[in-house]
Structure formats: structure tokens, C-alpha cells
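Asker: I have a structure here, written as C-alpha cells, and I will follow up with some questions on it.
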Amino acid sequence: MRRLSLVCLVLICLVWLAGCGSTDDLVVAEVAGKRITGRDLKTAATKLRPYEGTKTKVLWTLIDKELLLLEAYNRGLDTSKAVLTQLKRAKRSQMIRLLKAKLARRIQVSEAEIQQYYRKSGLDKKQEVRARHILVRTRQEAEEILKQLKQGADFAKLAREKSLDRASAEKGGDLGYWEEGTVWGPTAKKVFSMKAGEISEPFKSRWGFHIIEVLDRRPVGLEKQRKAISNRIKHAKVERKFQNYLNNLRDEIKVRIDEQTLALLLHGTSGRGNLSIGDEQRARMLIRYDGKGITLGEYIEWVSKFVPRRRPDLTDSLQVVASLDWFVRSSVLLPEAFRREKIENSNELQSYLKKRKQKLMVTELQRMETEAKVITAEAIREYYENYRDLYVKPPRISVEGV
6 MRRLSLVCLV
16 LICLVWLAGC
26 GSTDDLVVAE
36 VAGKRITGRD
46 LKTAATKLRP
56 YEGTKTKVLW
66 TLIDKELLLL
76 EAYNRGLDTS
86 KAVLTQLKRA
96 KRSQMIRLLK
106 AKLARRIQVS
116 EAEIQQYYRK
126 SGLDKKQEVR
136 ARHILVRTRQ
146 EAEEILKQLK
156 QGADFAKLAR
166 EKSLDRASAE
176 KGGDLGYWEE
186 GTVWGPTAKK
196 VFSMKAGEIS
206 EPFKSRWGFH
216 IIEVLDRRPV
226 GLEKQRKAIS
236 NRIKHAKVER
246 KFQNYLNNLR
256 DEIKVRIDEQ
266 TLALLLHGTS
276 GRGNLSIGDE
286 QRARMLIRYD
296 GKGITLGEYI
306 EWVSKFVPRR
316 RPDLTDSLQV
326 VASLDWFVRS
336 SVLLPEAFRR
346 EKIENSNELQ
356 SYLKKRKQKL
366 MVTELQRMET
376 EAKVITAEAI
386 REYYENYRDL
396 YVKPPRISVE
406 GV
């Protein structure tokens, strides 16, 4: 893209790029009428690791994003079926998250609950281990280093001189504290199996051969785990409150399954998805609630959208009842909950949908561009036909003895 011809950079951006003063509201770039502010740059920069780019690179990343979005609109991707289908799914998921967030506002976690969870879950026994290591290419090198350590050589000095892991080598091989349950792999497995002061025999990983010394073991303690524990308790409470909310709503609007129509469904099915139910029967009410109803046909249409391996067996009453519960939740209870809690038209949802749609449009544009550059089988065949001489083996003499 000729991005410079489409982008009007504002000179004031140099102030922000130089890191001078408060520039949140300063416009640092403009792309086809869309302004990029200092605040936008700071927000984008916080999502990147420190080494991933300068402020200038972050700015160009945002500019490129706006240019891609502009091209996506030019191609009509805002009305693309692929984009709108994904957006519909994202909308439902986000509405559920917003509903749960609204229920969560009135939920508190007490100190007593945190203490009880800490003890009952065994987190009071959770350990963290501080270790250091030396990484070399061969077992022979590792065994020679271990021999020196047993003779009293300084571990940190050998790590600085010999270890291939230069990040830890500069610190004498120190890996810092590792918390149980947060680090995996052969090195972590070895570390957590050792006692303080113990030095391991050489062992192999994908990186080479390691020698590890455990420097310290200690309980992780409550304070380091307090936030995670509180979040787990709150999450469980939110899920219970969410389910209770839907159950109470179900009772309030008097959701009922028509037993006769259900029996018709079960008896009119000869196998998974093989229905012998006519249009008149499909028009019968299967679910009634609050003076409204859902027909058997609507339920069958909902079921048909599932991939075969996830589709309920309509001859199995247990599977049908379970799927009906999910259908009622999806088609009746959640829409009613969204209406009552004013989720549908909330600013939070509209803001999310706008950003999500734009992201999906850019992703779809990138997919289209990638597919356009894929070499097809026809192109390979055409190339082969045009350059057959390149694919002819040179003549060879075959000699057989008799």
C-alpha cells in the first residue's frame, strides 16, 4: 500500500515521540479522517513487550492497522457473511460476560473464605524453589563440570564461564524462584524433586545437558496467592449466581415442555437425525412460556445446526431433555435476561462490537490476501508443463551381471 500518500502525520506527534509532557489528547497521526492520539499510542504500547518496538514503530503499527481497515471497508467486508457470522457469535459471548460482570458487582469475598480455601485446597503446602543451573551441549562436558563442583569449584563462576543459557549465566546460573504448578518441563520436574543444597546429576533436555543446584525451598504463602484465591472464589460465586438467576427466571416465566409434543419427537425419530415428522407436526408447540411458545420445528432447526458428532440422538430421551434445557437457556432465558438487565443496548457492548467487527474485518482481509497468493495445483501443473526439461533425470546406464 502507498501508505504515505494516505497518511497525514501531524507535527505535534514529535513531542510525544520525544517523551515530553502529557500528550494523551494530542493527535499524532491522521488516516483518512481517523485520528490517532497519544493515548492510543500509549494503550497500544502497553500491549507490547519492551523489546518489541520503539514509539515510532508502535505509531506505524497503528497507522497500518487503520489502512488495512480502510481497505476492508472499501471491499465491503463490513457486510461480509463471514465477518457477520463471527460477530454474531462474539456478541452472544460478550453479552454473557457483561451479564456475569453485572451480577459480580454485588459479590464480595471475605477474609474467612480466603483462609478456608487456602487451607482446604492444600495451597498452604505449596512450595517455591530457587535454583541455579549450568547448560552445556554434551554429557561429557556436564560430567566434567560436575566433577569440578564435587571438588569444590564455584558454581556461579562455572555458570558464567560455561553455561549456554547466557541470560542466567550472567547471574551465576540463578533461575530465581519457581512456583509449583506454574512451570513445566523436564527442568522444572527435576527442580521440584530436589532438596535444598542438592546438586543433580547431568540430565538431558531439548536444549542440552543440565546440572542444577537447588538453593532454597520455602512455602509460597498466602499473600502471594491471595489475589488468585479471591478470584477463584469470586468466579465460583458468579457462576452459581448466574445459574440461580436463570433458574429463577425460568420459574418466573413458567417455562414448560409440552409432553405430548416431546413424545411425538421421540417416537417420530428413527435414528440420529432421521426424522419422519411432517410440517403439521413441526408446527406444534414444544415449549411454552410467559404466553409465548417455540415450535417443534424451531427446535429441530436448532439441532440441525450442530455438527453430527455433537448433535443429540433424538431417539435418546436423556439426550433430548438435556439438549432442550440448553435450547431453553439459549433461546429463551438468556435473551430475556439480556433484555431485563439492558445488556443489548449498553455502551459497553456497542463499544466492544465496534472494535470486534473492525478486527474481524482486518483478519478477513488478511485471509483473503493470503489465499490469493497461495500456489494452486493448476499453477503447479502449468509451471511443470512449461518447464518439463528441468524435471528430466539424466540418462543412466544399468548393468546387470549374469
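Note that the sequence shown covers residues 6 to 407 in my numbering. Cβ coordinates follow ideal geometry from the N, Cα and C atoms, glycine included. The model shown is predicted, which means the values in this text are computed figures rather than measured ones.
Taking only three categories from DSSP, how would you classify Val-407?
Answerer: Its pLDDT being 35, under 50, Val-407 is placed unreliably in this model, and the value from its coordinates should be taken loosely. Coil.
Asker: Ignore the nearest five residues each way along the sequence and tell me which others in Ile-112's own chain have a CB closer than 8 Å to its CB.
Answerer: If we look at Ile-112 and ignore the five residues flanking it on each side, its Cβ neighbours are Lys-239, Lys-242, Val-243 and Lys-246.
Asker: With contact counted as at least three CB pairs below 8 Å, one residue from each stretch, are the stretch 150-163 and the stretch 221-233 in contact?
Answerer: No contact exists between the stretch 150-163 and the stretch 221-233.
Asker: Indicate whether Leu-291 and Thr-320 have their beta-carbon atoms separated by less than 7 Å.
Answerer: For Leu-291 and Thr-320, no; Cβs fall outside 7 Å.
Asker: May I have the straight-line CA-CA distance separating Ser-126 from Asn-236, to the nearest angstrom?
Answerer: Each residue's alpha carbon lies about 14 Å from the other.
Asker: Just to confirm my understanding: we take Ile-258, look at its own chain, exclude 5 residues before and 5 after, and list those with CB closer than 6 Å. What are they?
Answerer: Taken in chain order, the residues that qualify are Tyr-294 and Asp-295.
Asker: Taking the continuous alpha helix (DSSP H) assigned at Ser-328, which residues delimit it?
Answerer: Counting along the chain, the alpha helix (DSSP H) containing Ser-328 begins and ends at 322-333.
Asker: Which value, in whole angstroms, describes the spacing of the CA atoms of Arg-110 and Met-100?
Answerer: Each residue's alpha carbon lies about 16 Å from the other.
Asker: Taking the beta carbon of Ala-117 as the centre, do at least 16 other beta carbons fall within 10 Å, making it buried, or is it exposed?
Answerer: The residue in question, Ala-117, is exposed, as its Cβ has fewer than 16 Cβ neighbours within 10 Å.
Asker: When the Cα atoms are used, what is the spatial distance from Glu-387 to Leu-75?
Answerer: So the two alpha carbons sit approximately 36 Å from each other.
Asker: Specify the secondary structure class of Glu-390 as computed by DSSP and reduced to three states.
Answerer: Glu-390: helix per DSSP, three-state reduction.
Asker: State the beta-bridge partners of Glu-184 as determined by DSSP.
Answerer: Glu-184 pairs with Glu-133.
Asker: Rounding to the nearest angstrom, what Cα-Cα distance links Leu-338 and Ala-327 in this structure?
Answerer: C-alpha separation (whole angstroms): 15 Å.
Asker: Among the residues of its own chain, which have a CB less than 6 Å from the CB of Leu-251, if the five just before and after it don't count?
Answerer: Closer than 6 Å at the Cβ level, and outside the excluded window around Leu-251, lie Leu-338.
Asker: Could you check if Thr-192 is buried or exposed, using at least 16 other CB atoms within 10 Å of its CB as the buried criterion?
Answerer: Buried, since its Cβ has 16 or more Cβ neighbours within 10 Å.
Asker: What does a CB cutoff of less than 7 Å around Lys-96 pick up in its chain, not counting 5 residues either side in sequence?
Answerer: Excluding sequence neighbours, Lys-96 sits near Leu-358.
Asker: Could you give the DSSP three-state label for Leu-168: helix, strand or coil?
Answerer: The amino acid occupying residue 168 in the given sequence is Ser; Leu does not appear at that position. Coil at Ser-168, not helix or strand.
Asker: Here's the rule: buried if 16 or more other CB atoms are within 10 angstroms of the residue's CB, otherwise exposed. What is Phe-311?
Answerer: Exposed: under 16 other Cβ atoms inside 10 Å.
Asker: Whose C-beta lies closer than 6 Å to the C-beta of Asn-391 among residues of the same chain, with five residues either side of it excluded?
Answerer: Contacts found: none.
Asker: Taking Arg-222 and Gln-132 to be in contact with their CB atoms under 8 Å, please state how far apart those CB atoms are, rounded to whole angstroms.
Answerer: 6 Å between Cβ atoms; contact.
Asker: Which first and last residues belong to the alpha helix (DSSP H) in which Glu-218 is found?
Answerer: Premise fails: Glu-218 lies in the beta strand (DSSP E), 213-224, not in any alpha helix (DSSP H).
Asker: Quick one: what's got a C-beta closer than 8 Å to Leu-92's C-beta in the same chain, skipping five residues either side?
Answerer: Closer than 8 Å at the Cβ level, and outside the excluded window around Leu-92, lie Leu-358, Arg-361, Lys-362 and Leu-365.
Asker: According to DSSP, what are the bridge partners of Asp-83?
Answerer: DSSP output for Asp-83 lists no bridge partner at all.
Asker: I believe Glu-206 touches Ala-136 by the beta-carbon criterion, under 8 Å. Please report the beta-carbon distance rounded to the nearest angstrom.
Answerer: The pair is not a contact, with the Cβ atoms about 15 Å apart (cut-off 8 Å).
Asker: Where does Arg-287 land, buried or exposed, given buried means 16+ other C-beta within 10 angstroms?
Answerer: Burial call: buried.
Asker: How would you write the range of the alpha helix (DSSP H) that Arg-314 sits in, first residue to last?
Answerer: It is not in any alpha helix (DSSP H) - Arg-314 carries neither H nor E in the DSSP assignment.
Asker: Per DSSP, His-138 forms a beta bridge with which residues?
Answerer: Looking at the DSSP assignment, His-138 forms a beta bridge with Ile-217.
Asker: Taking Gly-298 as part of the beta strand (DSSP E), name the residues at either end of that continuous run.
Answerer: Per DSSP, Gly-298 belongs to the beta strand (DSSP E) from 297-300.
Asker: Given Val-88, which residues of its chain have a CB within under 8 Å of its CB, disregarding the five upstream and five downstream residues?
Answerer: Counting only Cβ-Cβ distances below 8 Å, and skipping sequence neighbours, we find Leu-82, Lys-362, Leu-365, Met-366 and Glu-369.
Asker: On the three-state DSSP scale, how would you describe Arg-94?
Answerer: Arg-94: helix per DSSP, three-state reduction.
Asker: Please go through the same chain and pick out, in chain order, the residues whose beta-carbon is closer than 6 Å to the beta-carbon of Met-420, but skip the five residues on each side of it.
Answerer: In the structure as shown, the chain starts at 6 and stops at 407, and residue 420 therefore has no counterpart that could be examined.
Asker: In terms of DSSP beta bridges, what is Ser-210 paired with?
Answerer: Beta-bridge pairing links Ser-210 to Gly-213.
Asker: By Cβ distance, which residues of its chain are closer than 8 Å to Tyr-123, with the 5 residues on each side in sequence left out?
Answerer: Correct list, in chain order: Asp-129, Leu-227, Gln-230 and Ile-234.
Asker: Looking at the structure shown, is Arg-287 part of a helix, part of a strand, or coil, going by DSSP?
Answerer: Looking at Arg-287 - three-state DSSP - the assignment turns out to be helix.
Asker: Asp-263 by DSSP, collapsed to three states: which one?
Answerer: Note: Asp-263 maps to coil in three-state DSSP.
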